[in-house]
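Data first, discussion second: the structure below is written as structure tokens.
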Amino acid sequence: MAYLKPERPEKVNAPSLKVSKQRGERLVCLTAYDYPTARIVDEAGIDIILVGDSLGNVVLGYGNTVPVTLEEILIHLKAVRRAVQRALLVADMPYGSFHTGADDAVRNALRLVKEGGAEAIKLEGGHKRVQLVKRLVDEEIAVMGHIGLTPQSINKLGAYRVQGKTADAARQLIDDARALEEAGAFAIVLEVVPREIAQLITETVSIPTIGIGAGAGCDIQVLVLHDMLGLSFGKLARFVRPYANLASVMTEAVTRYADDVRGGTYPSDAESYALPAEAAADLKISAPDKDSRSAESKARKS
Ligand code: KIV
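The opening residue of the sequence shown carries number 0 in numbering that gives the first Met the number 0; numbering runs sequentially from there.
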């Protein structure tokens with residue numbers, strides 16, 4: 000029997016990432032937080048979409064990820080879920096949602112899966128999360144690990160710095176990665192670690208590594224969408240390549256709109272609706288002629 004070639008590449012799922020690693024395929028991950036951007040990212044063929052708690056930095060204006068709540072992740076996740084068809088959809092477990100016991104963590108992760116439509120969850124931390132990862136995997140939840148720079152630890156770390164720079168710290172990262180793999184994680188984010196260590200971890204574990212600021216040796220790369228599109232404020236980290244400057248495109252559009260309204264050129268008749276002649280006659284309304292409108296607008300300007 001002849002099978003038709005699917006028009007779109009196959010749906011990505013957690014186990015298929017390991018197959019892609021074995022085949023040496025370079026997959027791509029981006030964050031998204033709302034319907035329009037998630038549609039664009041999914042339709043562009045990005046393989047993994049993460050509703051990250053970077054939401055706190057780039058959308059909610061918190062300045063860091065610590066205040067982000069499960070309810071906030073859920074609202075954004077549901078919008079993204081409605082848009083995504085092909086990519087694997089992963090939701091972040093925000094700070095506080097997995098710190099008060101395994102039962103709470105399972106309950107919260109299940110909300111992301113059942114209410115939010117996430118196909119996997121991500122949580123920060125290495126060896127100290129191993130028991131929790133095992134438990135979540137036992138409950139049929141696909142878990143992505145996250146080690147290296149863990150932004151939820153900002154109050155303890157004091158600053159966002161490269162992690163794993165000493166031999167001991169690097170060994171710890173490698174052990175963390177192994178432990179997460181053994182616990183059943185299907186992939187591990189490596190955030191801001193020296194590229195040599197990321198490469199070593201990538202060669203050590205059989206599950207894919209997802210690098211952000213971790214060099215080209217990782218199996219998959221991820222960036223925060225707003226950073227690479229020029230929609231976030233402040234200095235970009237060295238690993239962010241600016242692919243667009245949407246902030247300046249938006250500023251220009253918004254400024255032109257304001258100028259047009261203030262100058263009386265927006266809206267035009269073509270951008271509004273005329274009253275049908277019969278109703279106008281009944282109401283004894285005469286349509287203003289164009290000359291009188293432009294005279295009015297000139298008077299307003301002067
Ligand atoms: O929240 C996020 O966007 C992340 C990525 C940087 C991996 O955790």
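We treat Cβ as the ideally placed atom computed from N, Cα and C, and that holds for glycine.
Predicted, not measured: the structure shown is a model, and the values here were computed from it.
- Around the beta carbon of MET92, 16 or more other beta carbons lie within 10 angstroms, which makes this residue buried.
- In the structure shown, LYS155 falls within a helical segment according to DSSP collapsed to helix, strand and coil.
- For ALA166, the number of other beta carbons within 10 angstroms of its own is below 16, and it is reported as exposed.
- Spatial neighbours of ALA236 in its own chain (CB-CB distance under 7 Å, excluding positions within 5 residues in sequence) are listed in chain order as GLY212.
- Just so you know, the alpha carbons of THR36 and ARG80 end up roughly 12 Å apart.
- In the structure shown, GLN220 falls within a strand segment according to DSSP collapsed to helix, strand and coil.
- Between ASP41 and ALA86, the C-beta spacing is below 8 Å.
- Closest by C-alpha distance to ALA158, out of ARG38, ASN12, ASP52, GLY62, is GLY62.
- Non-local C-beta neighbours of ASP46 in its own chain, meaning closer than 7 Å and more than five positions away in sequence, comprise VAL11, LEU26, VAL27, CYS28, ALA86, LEU87, ordered along the chain.
- Straight-line measurement puts the Cα of ILE48 at about 23 Å from the Cα of ARG128.
- In this model, SER96 and GLU180 are separated by some 22 Å (Cα to Cα).
- The C-alpha of VAL260 is placed about 7 Å away from the C-alpha of PRO266.
- Between VAL188 and MET143, the gap from beta carbon to beta carbon is short of 8 Å.
- Segment contact: the stretch 168 to 175 against the stretch 115 to 122, fewer than three CB-CB distances shorter than 8 Å; contact not assigned.
- For HIS75, the uninterrupted alpha helix (DSSP H) run begins and ends at 69 to 82, by DSSP.
- Between the alpha carbons of ASN56 and TYR242 lies a gap of roughly 19 Å.
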